[in-house]
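At position 9 of the first sequence the residue is numbered 8 (numbering that gives the first Met the number 0), and the sequence of numbers has no breaks.
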Amino acid sequence: MPELPEVYGYQQYLENTALHQKIVAFDCRDARLLKKPLADFETSLIGSEFTGTQRIGKYLFVKTSGKKIVLMHFGMTGKPTYYKEAEDRPKFGHIVLTFENGFHFAFENKRKFGRWDLVDTIEAYQKEHKLSKDTRDISLEEFKAALRNRKTAIKKVIMDQSVTAGVGNWIADDVLYQAQIHPEKNVADLSEEEIIRVYTKLQYVIETAIDLEAHYEDFPEQFMMRKRREIGADCHYTNGKIEKIVVGGRSTYYSPKWQHL
DNA sequence: CACACTGTTCGCTC
DNA sequence: CGAGCGAACAGTGT
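1) Excluding five sequence neighbours on each side, which residues of the same chain lie with their C-beta closer than 6 Å to the C-beta of residue 16?
2) Rounding to the nearest angstrom, what Cα-Cα distance links residue 89 and residue 105 in this structure?
3) Determine the closest residue to residue 114 out of 252, 144, 205 and 34, with distance taken between C-alpha atoms.
4) Around the Cβ of residue 50, are there at least 16 other Cβ atoms within 10 angstroms (buried) or fewer (exposed)?
5) Mind checking who residue 104 pairs with in its DSSP beta bridge?
6) Can you give me the Cβ contacts of residue 20 inside the same chain, cut-off strictly under 8 Å, excluding the 5 residues immediately before and after it?
7) Hey, could you find the ends of the alpha helix (DSSP H) residue 59 is sitting in?
8) Quick one: grab the DSSP three-state call for residue 223.
9) Does DSSP put residue 258 in a helix, in a strand, or in coil?
10) Alpha carbon to alpha carbon, what distance is there between residue 204 and residue 138?
11) Just to confirm the assignment, what range does the alpha helix (DSSP H) spanning residue 43 have?
12) Would you identify the three-state DSSP class for residue 70, choosing helix, strand or coil?
13) Report the three-state DSSP secondary structure of residue 51 (helix, strand or coil).
14) Which residues does DSSP pair with residue 18 in a beta bridge?
15) Does the region 131 to 150 come within contact of the region 213 to 233, defined as at least 3 CB pairs closer than 8 Å?
16) Quick one: give me the first and last residue of the alpha helix (DSSP H) that residue 146 is part of.
17) Is it true that the region 168 to 177 meets the region 36 to 43, where meeting means three or more beta-carbon pairs spaced less than 8 Å apart?
18) For residue 73, tell me which candidate among 112, 45, 199 and 149 has the shortest Cα-Cα distance.
19) Can you round the beta-carbon distance between residue 32 and residue 94 to whole angstroms, since I take them to be within the 8 Å contact cut?
20) With contact counted as at least three CB pairs below 8 Å, one residue from each stretch, are the region 224 to 237 and the region 145 to 155 in contact?
21) Using the Cα positions of residue 62 and residue 241, report the straight-line distance between them to the nearest angstrom.
22) Which one of 201, 30, 195 and 206 has the shortest CA to CA distance from residue 7?
23) Note down the Cα distance separating residue 10 from residue 54, rounded to an integer number of angstroms.
24) When burial is assigned at 16 or more other CB atoms within 10 Å of the CB, is residue 248 buried or exposed?
25) Considering only the alpha carbon of each residue, which of 219, 246, 202 and 253 lies closest to residue 227?
Structural data, given as structure tokens:
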């Protein structure tokens with residue numbers, strides 16, 4: 000599920016449920032979800048509180064009253080759930096915190112691609128992992144600079160978290176559909192005007208998704224989100240059909256009549 | 001049964 | 001060193 004708009008929602012959810020409460024227990028069923036030893040999480044979290052959040056793309060940093068910042072990455076199938084009764088623990092709630100008031104915060108992760116890490120500073124993490132600025136915060140000039148010297152398909156480049164943080168497979172397809180650019184078009188062959196169009200639609204698609212709380216079925220009809228999983232759907236802009244190809248190893252939906260190479 | 005999947009990371013080549 | 005590429009990771013859903 001999570002691209003930038005979903006993680007934006009998870010951030011709001013966490014802020015509205017889990018801040019400023021003493022953590023009394025930390026339970027993790029599968030240590031593969033933890034990038035640091037379990038004992039480090041226990042030491043850092045038990046007795047502390049979450050105090051605030053900062054999100055960069057799909058990376059959610061949760062500040063604590065202790066020394067460490069918790070980094071939550073939801074992978075492909077993650078989401079948070081706040082609940083009261085122990086028996087309501089979600090089936091895939093592999094990491095669960097318990098607060099002093101008895102409520103729990105679960106990190107659901109069906110496919111176990113999600114991760115929790117402990118970091119000292121967000122800036123250091125960002126630098127070390129070459130994580131770009133959040134897509135909503137990147138300027139046109141910064142975006143242009145990040146594209147310079149790249150020589151591969153535009154879709155791969157906008158999905159690169161070191162170029163702009165937050166774009167995933169679905170958003171990328173919609174951005175290029177709205178910008179009328181073929182997903183396999185080489186970045187080096189894009190005109191200045193096309194780059195501006197990509198930047199503008201990147202902001203547009205993400206703001207639309209945030210406004211609609213990432214409920215893609217509620218998107219206006221002209222969005223590619225509405226056509227996914229429906230091969231051969233009608234293109235909104237032409238009398239052509241939507242086709243599915245593979246770009247950078249990911250399923251890619253586009254309209255050949257609308258998006259030319 | 002076979003295949004697809006909203007993401008990241010690693011190892012390899014150039 | 002850094003870009004590009006493909007595989008690997010894990011488990012569920014169809």
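The beta-carbon is built from N, C-alpha and C at its ideal position, and this holds for glycine as well.
The relevant details are as follows:
1) 81
2) 7 Å
3) 34
4) exposed
5) 81 and 96
6) 48, 49, 98, 99, 100 and 102
7) Careful: residue 59 lies outside any alpha helix (DSSP H), inside the beta strand (DSSP E) at 58 to 63.
8) helix
9) coil
10) 16 Å
11) 37 to 44
12) strand
13) strand
14) 49
15) no
16) 139 to 146
17) no
18) 112
19) 6 Å
20) no
21) 43 Å
22) 206
23) 7 Å
24) exposed
25) 253
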